[in-house]
Structures are given as structure tokens and as C-alpha cells.
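Be aware that the sequence shown starts at 228, since it is given in my numbering, and climbs by one per residue. Here's the structure we're looking at; comments come further down.
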Amino acid sequence: MAIFSTAGGWLQANLPAIFTIPLLLLLSGLFYRPAFPKGAPKRSTEDWPIFGSPRFFSEHGDFNLRGLARTAINNFSFYLGKHQVVSIGAKGRMTYFDSNALNAGEGYATLFTGTPQRQSPAKKARDSGEYQSKFGKTIILLLKKTYLSRRTPVMAADVRGSMERLLTKAAHSSAVMKPFEDIYRIVWQQTNRLVGADEVANSPEQLNRVLCLFEDIAEGASPLRVMFPMIPTLQHVKRMVAGARLHGILQGFVDGRRASGRKEDDALQFLIDAGENPAGITEFIAGGLFAGQLNTGVNAAWLLIYLATNEKWYKEIRKEVESALLRHGADEAGGAKSALETLSRFSLEDWTGEFPMIDLCLKETIRFQLPGTFCRKNTSGKHLPISGSDEIIPKDAYVPPAIQVFLTDNCHFNSDIYSRPLSWDPGRYLEGRAEDKKEPHAYLGWGVGRHSCLGMVAAQMEVTMVVAFFFALFDFQLLDDQGKHTIPDRNRFGAGRPRDWNPRLQYKLRYPENAVKA
């Protein structure tokens, strides 16, 4: 009995330690952060214990600019939870964009999950960046000239239908529209035509349904999940549910086509014919919608807003659209009907070759509305020297791995490259100025180096269609403070709507006597 009494006393005396030691070991494993190796850029002074630098999310542009300015070489490092992050300055962009050791897919997969991830055997491939590589190859195969040419008249018909509805609203007097709602939805339909399913693009109800899921997925990316992936946030759960619902919708379309033997000329059919599995179909279409809509829909809306506040370029685009219509046989006496019919006949070559001034305006809008950082991961297995310095990018030998980011402001709002960078000025790209050619990789909007934008032609065509149709039919002006809020928010991550302002355009018919009935 004495033995048991002694053992019980020892257990009681040491019970706190028995529970505390495993808890401490667990916490140390959860919150342990590997030290940056020798030669890595100087640590940020804004790093917090455990969390790292949450201002990377809340003050994105300012945080990066402060960190870059504190070092003579203009590189710095910090933590996001356990993730090591290196922010590279303008001098290091040759390494950042040209090195085959820096993998974009793996960088974004680690920090920012852009598509819903379902638990499947392919999860490891997605996490390693293999999904991004496959996505890129599929986009190249899908968006060939022959496919875009076949889709062009269908997309033009979609835009025409939307414009006819706007015509009806302004049939008797001027009307008001909201670019981040009306124009955004037009581009949403176009994007579904190109990389989605016709069942969605043909149905206003399905377009709204899928758009709601799309927005739930986009809003479910939580900074807390980036820093601590093990935490099941409500946003993440909502995101996963939306992804599952999108999967169910697309699978229903696949089953319906197979049961009826019906085929369409769209991205969904392309994936079915290629033998893609259901999860792969969902992942590709979701990824395509994200890649297209998050940038193209927003930039199309901003472009009309900037033109409404810039008389010179408003007149320039008006002239370009009118000239293109006349070259293709439009009858001025035919008014809106003639303009609609003429633009509806334009080929892919017409849309991509007839509107160079719209292209310049889009290029400048992207420069203005591409805040945030690019993401990469060093997959070479060795430290990588950063050009213009004696510092290194850490090798991929840590758990979690180190990530490298590059702030777009390093180039796009660099006064050494762009004169008056806070001024929206498409003329900066014209021959004779060509400010984007002053230095290598001075313009990042369509991708540079080893990572060019695979959907550039498609995106340009979508925006050009919207702008050309709108200018052909309407005169318009911006309401709400006449452009007071058009300076971009540099603390936002990626293209987006203004936070506290929903711009409105007042528009009226250019040919009221020839208004077309929808």
C-alpha cells in the first residue's frame, strides 16, 4: 500500500508538468519558425512574434514600400505565420522574373489559393504547383486562334444583347448605370463563354447563381488561413461549400450532355472530349473564371470611368470607333441599328487589330489597377543570388517553404520609369515616349520574363468589345465627384472595385431617333 501511496503522491505532485510539457511541445511545433539563412535580406522591423507581419495584408503597398526603403539594397524579409517571405526590390527584378528557379504556380499555391481545393488524391499535385502547370498548358490548348474565332460572333451577340437592354433604359431620356455592376456582368458572361459552360452563359439565372458562388470563393481567402493553415475559419468553410456547389453544377451539365449526346463548342466540352475527370473540370473552369474575371471585369469598368474623366482620350476613342465602323460599311443614317449590326460582324482579327488606342487605354488602366505583389517560390534546392545585391533568396529547404514577392509599384509607380506615375496617361506608350521600354521589365501588366499572360488576346478582345459597343451607341459622363476617387488604392491586393464608392455613369443615346428595341 505504501508503494501505491508514494506513486499516487508523485503523480499528484507532477500532474501539472505532465500536462504542461506535451502542451509546450505541441505549441513549439505549431509556432516554431525556421531562422532566415545567412545572406537573406534584412528582417522587417514590423514582424510580430508568432503572427509575423499581418500588415502585409492590411497595409499591403505601404508595408512593402516601408520595408524596401529601410535597406540600401531595397530587399527585405519577414514572416507570415511560419512562412518566410522575401520582398525583392526593383533592382532584383531580372532575377525575379527571368530565373527558371522561381516557380509562380508554387508561390501562389502556398500563399494565395485562387481556386477551391477539394480533398482528393490530386491535392498534393496542386499544392506542389503541378496544378498551375497543367492549367497553363490547358489554357494554351483551349485558347487557340481557331477557338477564339469561333467564339467571337457568340461573344459579340452577348455584348449586343446587353447593350440593347441599356438602349431600352435610355430610350426616352438619359439613364444611369454602374460600371462595377453592369459592365462587370457583361464581362462575366463573356468569360463564361470562353472558359466556362454555355449552359451558364445562356442563362441569366445561372450566371447570377455561379457569380454568387464565385464571390463566396473569392471572399473566402483569409489572411489568418495563410498564416495558420490549420485553423478552420468560417470563411474557409463557406469557400469550400461554394466550391462543392460549383462542382455539383458543372457535373450536372456534364451528365446532361452525356445522357442526351448533345455537344457544345465551349471549354466544358473541350475538357470532356479531352477525358478530364470531374475534379479536373471543376478546377480548370474555376481557375479560368478567377484568372479572367478578377482582372478583366474590373479593368473594363475602370477603363470607362477613366475615359469619362479624360476629355482628350474620350475623343480619341470616339474617333477610333467611328472610323472602324465606317471602314466596315456602317451607315451613319442607320444609327444604332447599323452600328450594332456592323460590330456584330467583326472577326477576331478586326477586334484585335482595329482598336490600338483602346489597347493603350487598357494597358494604362492595368498599370493603374494592378496593385499588390507577384508570388514565387525558389524550387532550385539552393540559395539564389539576387541581381544587383550580395543577398540571396533562401532555398526550398524549410517547412513551410520560403516565398518571394515583388511589389508592382516597384515598376508601375516608379518615377524613374514613368513620368507623373499617378496620372492616367495612355500616351506614355506611344512611339516617341514609350516609357514602358525605358528599362527591362518596366511594364508587368501582361506578365514578363518566364511568366507571360496566357489569356492576353482573349482579355483584350473582351474589353475592346465592351468599349467599342458602348462608344458606338452612347455619350456618357461620370457622376459622383467627377473622378475624385479614381486614384488607385495601393494597399489593395490585386485589381478591385473601390471600397467606399460605387461609381455611376450617366449615358444617353447617340442616335435617339433610331433607337433599337431590345
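C-beta atoms are modelled at their ideal positions from N, C-alpha and C, and glycine is treated no differently.
(message) Restricting to Cα atoms, I'd like to know which of Q478, I508, M404 and S360 is closest to S389.
(response) If you number the sequence shown from 1, residue 389 lands on position 162. That would be M404, whose Cα lies nearest to the Cα of S389.
(request) Rank R731, R603, L611 and K542 by C-alpha distance to the C-alpha of E746 and give the top, closest one. (result) In the structure displayed, the chain extends from 228 to 745; residue 746 sits before or after that span and is not available.
(message) Let me confirm a value: L736 is counted as buried when at least 16 other C-beta atoms fall within 10 Å, else exposed. Which label applies?
(response) Here residue 736 corresponds to residue number 509 of the sequence shown, with the count starting at 1. L736 comes out buried.
(request) Taking all protein chains shown into account, decide if Y645 is buried (16 or more other Cβ within 10 angstroms of its Cβ) or exposed. (result) Position 418 of the sequence shown, counted from the start, is the residue given in the question as residue 645. By the neighbour-count rule (16 or more Cβ atoms within 10 Å), Y645 is buried.
(request) Just the C-alpha distance for R594 and A722, rounded to the nearest angstrom, thanks. (result) Sequence index remark: in the sequence shown, residue 594 carries index 367 (1-based). Sequence index remark: in the sequence shown, residue 722 carries index 495 (1-based). C-alpha separation (whole angstroms): 10 angstroms.
(request) Helix, strand or coil for T600, going by three-state DSSP, please let me know. (result) As a first step, residue 600 is located in the sequence shown; it is residue number 373 there, counting from the start. Correct three-state label for T600: strand.
(message) I'd like to confirm the pairing. Which residues does DSSP put opposite K735 in its beta bridges?
(response) The sequence position of residue 735 within the sequence shown is 508, counting from 1. According to DSSP, which records beta bridges pairwise, K735 is partnered with D702.
(request) Starting from A506, trace the alpha helix (DSSP H) both ways and give me its first and last residue. (result) Position 279 of the sequence shown, counted from the first residue, corresponds to residue 506. Run containing A506: P505 to G519, per the alpha helix (DSSP H) assignment.
(request) Since I believe L421 is in contact with A695 (beta carbons under 8 angstroms), could you give me their beta-carbon distance rounded to a whole number of angstroms? (result) Residue 695 sits at position 468 when you count from the first residue of the sequence shown. Residue 421 sits at position 194 when you count from the first residue of the sequence shown. Not quite, the Cβ-Cβ distance comes to about 18 angstroms (not below 8 angstroms), so this is no contact.
(request) Count the CB pairs spanning the region 675–684 and the region 716–730 that are closer than 8 angstroms, and state whether there are at least three. (result) no
(request) Identify which residue in V468, L292 and S571 has its Cα closest to the Cα of V632. (result) Position 405 of the sequence shown, counting from 1, holds the residue named residue 632. Distance from the Cα of V632 is smallest, within the candidate group V468, L292 and S571, for L292.
(request) Have a look at C638, H678 and Q417 and flag the residue whose alpha-carbon is nearest the alpha-carbon of K664. (result) As a working note, residue 664 is residue 437 in the sequence shown. Out of C638, H678 and Q417, C638 has the C-alpha closest to the C-alpha of K664.
(request) With a threshold of 16 other CB atoms inside 10 Å of the CB of V464, please say whether the residue is buried or exposed. (result) Reading the sequence shown from its first residue, position 237 is the one you call residue 464. Its Cβ having fewer than 16 others within 10 Å, V464 is exposed.
(message) Give me the residue from L553, V468 and F441 with the minimum Cα distance to T569.
(response) In the sequence shown, counting from the first residue as 1, residue 569 sits at position 342. Ranking L553, V468 and F441 by Cα distance to T569 puts L553 first.
(message) On the criterion of 16 or more Cβ atoms from any shown chain inside 10 Å, does D443 qualify as buried, or is it exposed?
(response) Taking the first residue of the sequence shown as 1, we reach residue 443 at position 216. In the assembly as shown, D443 is a buried residue. Its beta-carbon has 16 or more other beta-carbons within 10 Å.
(message) Please state the DSSP three-state secondary structure of F305.
(response) Taking the sequence shown and counting its residues from 1, the one referred to as residue 305 is at position 78. F305 falls in the strand class under three-state DSSP.
(request) Give me whichever residues DSSP pairs with H678 in a beta bridge. (result) Within the sequence shown, the letter at position 451 stands for residue 678. V675, per the DSSP bridge assignment.
(message) Measuring only the C-alpha atoms, how far is R647 from L369?
(response) Here residue 647 refers to the residue found at position 420 when the sequence shown is read from its first residue. Here residue 369 refers to the residue found at position 142 when the sequence shown is read from its first residue. Rounded to whole angstroms, R647 to L369 spans 40 angstroms at the Cα level.
(request) Can you give me the start and stop residues for the beta strand (DSSP E) that M454 sits inside? (result) For the purposes of this step, residue 454 is taken as residue 227 along the sequence shown, with counting starting at 1. From DSSP, M454 is part of no beta strand (DSSP E) but of the alpha helix (DSSP H) over P450 to M454.
(request) Could you tell me which of N301, M382, K372 and D289 sits nearest to S571, measuring between CA atoms? (result) The count along the sequence shown starts at 1 and reaches residue 571 at position 344. S571 has its Cα closest to that of M382, out of N301, M382, K372 and D289.
(request) Please determine if the region 469–476 and the region 502–518 are in contact, where contact requires at least 3 C-beta pairs separated by less than 8 angstroms. (result) yes
(request) Quick one: give me the first and last residue of the alpha helix (DSSP H) that M390 is part of. (result) Locating residue 390 in the sequence shown gives position 163, where the first residue counts as 1. Per DSSP, M390 belongs to the alpha helix (DSSP H) from K372 to K396.
(request) Helix, strand or coil for P612, going by three-state DSSP, please let me know. (result) Within the sequence shown, numbered from 1, the residue matching residue 612 stands at position 385. The answer is strand: DSSP assigns P612 an E or B state.
(message) Buried or exposed for L706, going by 16 or more other Cβ atoms inside 10 Å?
(response) Within the sequence shown, residue 706 is the residue found at index 479, counting from 1. Looking at its Cβ environment, which holds fewer than 16 other Cβ atoms inside 10 Å, L706 is exposed.
(request) Quick one: grab the DSSP three-state call for I620. (result) Sequence index remark: in the sequence shown, residue 620 carries index 393 (1-based). Reduced to three states, the DSSP call for I620 is strand.
(request) Output the distance between the C-alpha atoms of T523 and E689, rounded to the nearest integer angstrom. (result) Position 296 of the sequence shown holds residue 523. Position 462 of the sequence shown holds residue 689. About 8 angstroms.
(request) Using only alpha-carbon positions, find the residue among N605, F698, F290 and S614 that is nearest to P621. (result) Within the sequence shown, residue 621 is the residue found at index 394, counting from 1. That would be N605, whose Cα lies nearest to the Cα of P621.
(message) Does the CB of F290 have a neighbour CB from chain D at under 8 angstroms?
(response) Looking at the structure shown, chain D is missing, and only one protein chain is on hand.
(message) Considering Cα atoms alone, identify which of Y541, L657 and S271 is closest to Q704.
(response) Numbered from its first residue, the sequence shown carries residue 704 at position 477. Per the Cα distances, Y541.
(request) Give me the Cβ distance between F759 and R270, rounded to the nearest whole Å; I'm assuming they're in contact under 8 angstroms. (result) Within the shown structure, residues of the chain are numbered from 228 to 745, placing residue 759 beyond reach of any answer.
(request) Please list, in chain order, all residues of the same chain as E581 whose beta carbon is under 6 angstroms from its beta carbon, the five residues on each side excluded. (result) For the purposes of this step, residue 581 is taken as residue 354 along the sequence shown, with counting starting at 1. Excluding sequence neighbours, E581 sits near A551.
(request) Pull up the DSSP beta-bridge partners for L329, would you. (result) In the sequence shown, the residue the question calls residue 329 occupies position 102. L329 pairs with N605.
(message) Measuring only the C-alpha atoms, how far is L587 from W651?
(response) What you label residue 587 is simply residue 360 of the sequence shown in a count that begins at 1. What you label residue 651 is simply residue 424 of the sequence shown in a count that begins at 1. The straight-line gap from Cα to Cα measures roughly 11 angstroms.
(request) List in chain order: all unbroken alpha helix (DSSP H) runs of 4+ residues lying wholly within the region 458–501. (result) 461–487 and 494–500
(request) Take E510 as the anchor and find which of D716, I366, A328 and R731 has the nearest alpha-carbon. (result) Reading the sequence shown from its first residue, position 283 is the one you call residue 510. Nearest of D716, I366, A328 and R731 to E510, Cα basis: I366.
(request) Go through its chain and collect everything with a Cβ distance to S400's Cβ below 8 angstroms, but skip five positions before and after it. (result) One-based indexing of the sequence shown puts residue 400 at position 173. Closer than 8 angstroms at the Cβ level, and outside the excluded window around S400, lie K735.
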